[in-house]
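Engineer: If you scroll down you'll find the structure; I have some questions about it.
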Amino acid sequence: MNIFRLVADLMHLGSILILLLKMFTSRSCAGISFKTQALYLIVFVTRYLDLFTHFVSVYNTFMKIFFISSAGYILYMMRVPLKDTYNKHLDAFRWEFLLGGAGVLALVFTHKYTVIETLWTYSIFLEMMAILPQLLQLQRTGEAETITTHYLFALGAYRALYIVNWIYRYETEHHVDAISTMAGIVQTALYCDFFYVYFTRVLKGKRFKLP
Amino acid sequence: QDGHQLKDEL
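Chains as they are written, first to last, in this note's numbering: chain L, 10 to 220; chain B, 319 to 328.
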């Protein structure tokens, strides 16, 4: 564990807490993509199957359980108590392509053809693209509530810090995982446009609005 | 390389 990874994980944890705060305070899930949230649940469940086979640390186990359960709870919130505030028409990304595409990539690139290993690889490729429905929704609306942009910023920062963590691990432990690194760079690149608007508008106290 | 090196990550 290094400082970059620790801060990244805490940003990830923080992003989920911000999302829950948004839902609780505004009693609404407007602006949030159900598809992206559902993809994250699939990502966590397929990646953390090793909860049952491989113990890393109490920290690691706690975080895995938190990510799976919070993702499930968010879906429940969006489907049951906040159902009326969800706009299906704005959440129009064809996510079948993401689910299928990640499957193909996993079968091609997996390190080993075992169930756990292939599902792990699937989760990496699915996470790489899971934010796309959310970004499409943002593009369609052209603007977003400030708290939603803080959520997205924390999520993007978590990904960016993981890249720094891999560079650090490469320097210190000579560890590198080509799949994680490649997918992580693509995933972080998807946030570029968002980061630009976030830094030039939201951090200067203005509303998030696409040009 | 079996890819398990980084599986202590989340």
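Quick reminder that beta carbons are idealized off the backbone N, C-alpha and C, glycines included.
Of the residues L:72, L:44, L:180, L:179, which one's Cα is nearest the Cα of residue 142 of chain L?
Structural biologist: For residue 142 of chain L, the nearest C-alpha among the options comes from L:44.
Engineer: Taking a cut of 9 angstroms between CB atoms, which residues from the stretch 64 to 80 of chain L lie near chain B?
Structural biologist: The stretch 64 to 80 of chain L vs chain B, Cβ under 9 angstroms: 65, 66, 69, 72, 73, 76.
Engineer: Can you list, in chain order, the residues of its chain whose CB lies under 6 angstroms from that of residue 107 of chain L, leaving out five sequence neighbours each side?
Structural biologist: Excluding residues within five positions, the ones whose Cβ falls inside 6 angstroms are 138.
Engineer: I believe residue 190 of chain L touches residue 175 of chain L by the beta-carbon criterion, under 8 angstroms. Please report the beta-carbon distance rounded to the nearest angstrom.
Structural biologist: Contact flag correct, Cβ pair sits at about 5 angstroms.
Engineer: Return the chain-ordered ranges of every beta strand (DSSP E) run that is complete within the stretch 169 to 198 of chain L and spans a minimum of 3 residues.
Structural biologist: List check, beta strand (DSSP E) in window: nothing returned.
Engineer: In chain order, which continuous runs of the alpha helix (DSSP H) of length 4 or greater are located wholly inside the stretch 117 to 176 of chain L?
Structural biologist: Counting only runs of 4 or more, we get 124 to 138, 141 to 150.
Engineer: Which full runs of the alpha helix (DSSP H) of 4+ residues lie inside the stretch 27 to 58 of chain L, going along the chain?
Structural biologist: If we require 4 residues or more, the alpha helix (DSSP H) runs fully inside the stretch 27 to 58 of chain L come out as 43 to 56.
Engineer: Please report the straight-line C-alpha distance between residue 140 of chain L and residue 131 of chain L, rounded to a whole angstrom.
Structural biologist: Between residue 140 of chain L and residue 131 of chain L, the C-alpha separation is close to 15 angstroms.
Engineer: Tell me whether residue 103 of chain L is buried or exposed, calling it buried when 16 or more other Cβ atoms sit within 10 Å of its Cβ.
Structural biologist: That one is exposed.
Engineer: Give the interface partners of residue 14 of chain L over in chain B, defined as CB-CB distance under 8 angstroms, in chain order.
Structural biologist: Going along chain B in sequence order, the residues near residue 14 of chain L (Cβ under 8 angstroms) are 327.
Engineer: Whole-angstrom Cβ separation of residue 204 of chain L and residue 165 of chain L, contact assumed at under 8 angstroms?
Structural biologist: That pair is a contact at about 6 angstroms.
Engineer: For residue 114 of chain L, count neighbouring Cβ atoms within 10 angstroms of its own Cβ and tell me buried if that reaches 16, exposed if not.
Structural biologist: The residue is buried, with at least 16 neighbouring Cβ atoms inside 10 Å.
Engineer: Output needed for residue 52 of chain L: all residues of its chain with C-beta closer than 7 angstroms, excluding positions within five of it in sequence on either side, in chain order.
Structural biologist: Result list for residue 52 of chain L: 132, 135, 136, 139, in chain order.
Engineer: Assuming contact is defined by CB atoms lying nearer than 8 angstroms, are residue 100 of chain L and residue 42 of chain L in contact in what I supplied?
Structural biologist: Contact flag set, yes.
Engineer: Can you give the beta carbon distance from residue 46 of chain L to residue 87 of chain L, rounded, assuming they're within the 8 angstroms contact cut?
Structural biologist: With 8 angstroms as the limit, residue 46 of chain L and residue 87 of chain L qualify as a contact, their Cβ atoms being about 7 angstroms apart.
Engineer: Which whole-angstrom value describes the C-beta separation of residue 153 of chain L and residue 40 of chain L, a residue pair presumed to lie in contact below a C-beta threshold of 8 angstroms?
Structural biologist: That belief holds up - the Cβ atoms of residue 153 of chain L and residue 40 of chain L are roughly 6 angstroms apart, short of 8 angstroms.
Engineer: Drop a sphere of 10 angstroms on the beta-carbon of residue 21 of chain L, count the other beta-carbons inside from all chains shown, and report buried for 16 or more, exposed for fewer.
Structural biologist: Buried, because 16 or more other Cβ atoms sit within 10 Å of the Cβ of residue 21 of chain L.
Engineer: Run down chain B in chain order and give the residues with a C-beta less than 9 angstroms from the C-beta of residue 260 of chain L.
Structural biologist: Here chain L covers residues 10 to 220 and nothing more, so residue 260 of chain L does not appear.
Engineer: Counting along the chain, where does the alpha helix (DSSP H) carrying residue 101 of chain L start and finish?
Structural biologist: Unbroken run through residue 101 of chain L: none, as it is neither H nor E.
Engineer: Return the CA-CA distance between residue 96 of chain L and residue 161 of chain L, expressed in angstroms with no decimal places.
Structural biologist: Roughly 19 angstroms separates the two Cα atoms.
Engineer: Classify residue 214 of chain L as buried or exposed, calling it buried when 16 or more other Cβ atoms lie within 10 Å of its own Cβ.
Structural biologist: The residue is exposed, with fewer than 16 neighbouring Cβ atoms inside 10 Å.
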